[in-house]
Amino acid sequence: MDLSALGGRILYNEFGHYDVVTGKFTCHVAGVYYFTYHITVFSRNIQVSLVKNGAKVLHTKDGYTGSEDQASGGIVLPLKLGDEVWLQVTGGERFNGLFADEDDDTTFTGFLLFSSS
């Protein structure tokens with residue numbers, strides 16, 4: 001997903017391992033990574049998964065209660081060269097309460113803890 005469609009911006013992507021068009025991080029250094037997300041939920045429920053190579057590895061649900069809410073998750077993952085990690089909204093349109101704009105605090109972060117080479 002192109003972040004500009006959500007009003008999002010890239011805070012740091014010096015080596016370009018995060019693709020701003022697909023929303024996927026591709027591993028270029030094998031090792032152990034820590035990924036987090038913090039999502040603002042607005043106007044609908046949210047179901048979001050952190051996905052590694054097409055398999056859900058972390059799943060978060062949050063029910064919309066009539067005001068802005070937050071949902072978050074974090075996980076340590078071993079990655080090999082070429083592995084891909086991304087966030088994916090699940091559950092169809094009924095569960096797409098993900099909200100982002102220029103002033104919002106919705107984030108997706110990942111960083112290398114240590115390399116395995």
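Take 1 as the starting number for the sequence shown in full-length UniProt numbering and just add one per residue.
All C-beta atoms, glycine included, are put in the ideal place defined by N, C-alpha and C.
Review point. Do the segment 13-25 and the segment 39-50 touch if we need at least three Cβ pairs shorter than 8 Å?
Key: In short, these stretches do not touch, since the Cβ pair count stays below three.
Practice item. Would you mind giving the Cβ-Cβ distance between D69 and C27, rounded to the nearest angstrom? I have them listed as a contact below 8 Å. Key: By one-based count along the sequence shown, residue 69 stands at place 69. By one-based count along the sequence shown, residue 27 stands at place 27. Going by Cβ atoms, the distance from D69 to C27 rounds to 32 Å, so no, they are not a contact pair.
Review point. Candidates S67, T106, A71 and Y33: which alpha carbon is nearest L81's?
Key: Sequence index remark: in the sequence shown, residue 81 carries index 81 (1-based). Closest by alpha carbon: Y33.
Check your understanding: Helix, strand or coil for L87 per DSSP?
Key -> Residue 87 sits at position 87 when you count from the first residue of the sequence shown. DSSP places L87 within a strand segment (E or B) once states are collapsed to three.
Review point. Apart from the five residues just before and just after P78, which ones in its own chain have a Cβ nearer than 7 Å to its Cβ?
Key: To locate residue 78, count along the sequence shown from 1; it is residue 78. Excluding positions up to five away in sequence, the list reads V32.
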